[in-house]
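Numbering (our numbering), first residue to last: 26 to 392. Beta carbons are placed, not taken as given, at the ideal position from N, Cα and C, and that holds for glycine.
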Ligand SMILES: [Zn+2]
Ligand SMILES: [Zn+2]
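In structure tokens form, the structure reads like this:
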């Protein structure tokens, strides 16, 4: 029996454990076995590690993965876009697959809310076959109906993992806001989701984009990605001052669209005040439940705000992300987001680096 290594979350808030599992002998029809090239550590993984989403353990974390096809199951001949697939191809995939049959998939066109969806690296326990259903491992098993995408030769693995789920999520979220040409946009947060939202807003036609965040190197990255103004929240410490700073940059009115990419409940009330009257507010950063916050609904009525939510992403968003990154590498250098590399047995260190909220992006290279 051939085995492969995986770093496993067995208990919330306890160190991940290095485990060996048997590698499935042959993928079932429509499935594939992939050898992991690089796996991203997402902020969500930190929340999962802390137990902030009700998941069943043990789990191999990691839902932003690039790998090389080792084996293809019968009938899996093409990727999502129709390109032929073969052993040795470098690929990525959506972390979840919707059923295509249910009320939300078919009737209401909200496939990200499909009840059948389970995400790799989140929703599958790893103590039963096919074991390898998360990124922090030498191998990754892709179940039948997975949405696989072949990666173009001129798009580096670092870019795909550096952008991670953040870019797909940002494309989906910004799409729901319908940013108009020359809109003033505020991005709350300069982590991976904030940087991705900035890139998407810019390319969607935004005029001025103002990014709020910290620490300094994240704001430097925001400038590298085209932020017109950055506001350092370590320096401009109170919400009132930050709201005033945004108003000063927008003719006294506030932004047309504010994109929340923080995940901290208190950011929401502050961000709504940064909108102009009749503006739009997107709550994107709250994939995990960080708890409630007290805020005044009067603001939404008085300012005539449109408040929008967006959950995860669809396969078409990943397709857009890959093509977007390939064609804009100079303007939006997602490969440069990868700031810390670790081996599989350093997974705890990698997770701690992400948990410090200081790294641009930590990745695992199983080697
Ligand atoms: Zn993620
Ligand atoms: Zn469904």
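Beta-carbon proximity list for residue i, same chain, < 8 Å, skipping 5 on both sides
i           : result
residue 230 : 204, 205, 206, 207, 208
residue 251 : 223, 224, 227, 234, 356, 357
residue 297 : 283, 306, 320, 324, 325, 328, 330, 332
residue 36  : 82
Whole-angstrom C-beta distance between residue j and residue i, which should lie under 8 Å
i           : j           : result
residue 320 : residue 293 : 6 Å
residue 5   : residue 301 : Outside the displayed range of the chain (26 to 392) lies residue 5, so it cannot be described from this structure.
residue 25  : residue 97  : Because the chain in this structure spans residues 26 to 392, residue 25 falls outside the shown range and cannot be described.
residue 336 : residue 138 : 7 Å
residue 284 : residue 309 : 6 Å
residue 100 : residue 49  : Their Cβ separation, rounded to whole angstroms, is 16 Å, which puts residue 100 and residue 49 out of contact at 8 Å.
residue 211 : residue 265 : That pair is no contact at about 15 Å.
residue 376 : residue 74  : 6 Å
Of the residues the options, the one placed nearest residue i, counting alpha carbons only
i           : options            : result
residue 87  : 32, 37, 38, 125    : 32
residue 356 : 195, 190, 228      : 228
residue 259 : 158, 340, 215      : 215
residue 90  : 280, 173, 178, 303 : 173
residue 150 : 166, 84, 104       : 84
residue 154 : 144, 167, 142, 240 : 167
residue 188 : 60, 35, 66         : 66
residue 391 : 59, 54, 53, 52     : 59
residue 164 : 46, 136, 380, 245  : 46
residue 114 : 142, 305, 298, 57  : 57
residue 323 : 101, 331, 121      : 331
residue 121 : 338, 95, 378       : 338
residue 95  : 262, 82, 52        : 52
residue 334 : 183, 42, 197, 64   : 197
residue 64  : 316, 92, 373       : 92
residue 201 : 342, 108, 175      : 342
residue 340 : 373, 105, 133      : 105
residue 69  : 147, 142, 295      : 147
Distance cut-off 8 Å: residue i Cβ against heavy atoms of ligand 1
i          : result
residue 89 : yes
Own chain partners of residue i with C-beta closer than 6 Å, once the 5 adjacent residues on each side are dropped
i           : result
residue 44  : 31, 33
residue 366 : 388, 390
residue 194 : 338
residue 170 : 122
residue 130 : 123, 124, 136, 139
Ligand 2 heavy atom lying under 8 Å from the CB of residue i
i           : result
residue 148 : no
residue 129 : yes
residue 142 : yes
residue 335 : no
residue 339 : no
residue 102 : no
residue 136 : yes
residue 364 : no
residue 381 : no
residue 123 : yes
residue 126 : yes
Neighbourhood of residue i by C-beta, 7 Å cutoff - its chain only, sequence neighbours within 5 removed
i           : result
residue 363 : 183, 186, 187, 386, 388
residue 346 : 188, 192, 193, 196
residue 232 : 207, 208, 209
residue 317 : 290
residue 373 : 40, 41
Near ligand 4: residue i beta-carbon under 8 Å from a heavy atom
i           : result
residue 139 : No copy of ligand 4 appears in this structure; the ligands present are ligand 1 and ligand 2.
Mind listing which residues have their beta carbon within less than 5 Å of any non-hydrogen atom of ligand 1? Chain order is fine. This selection yields 67, 69, 190.
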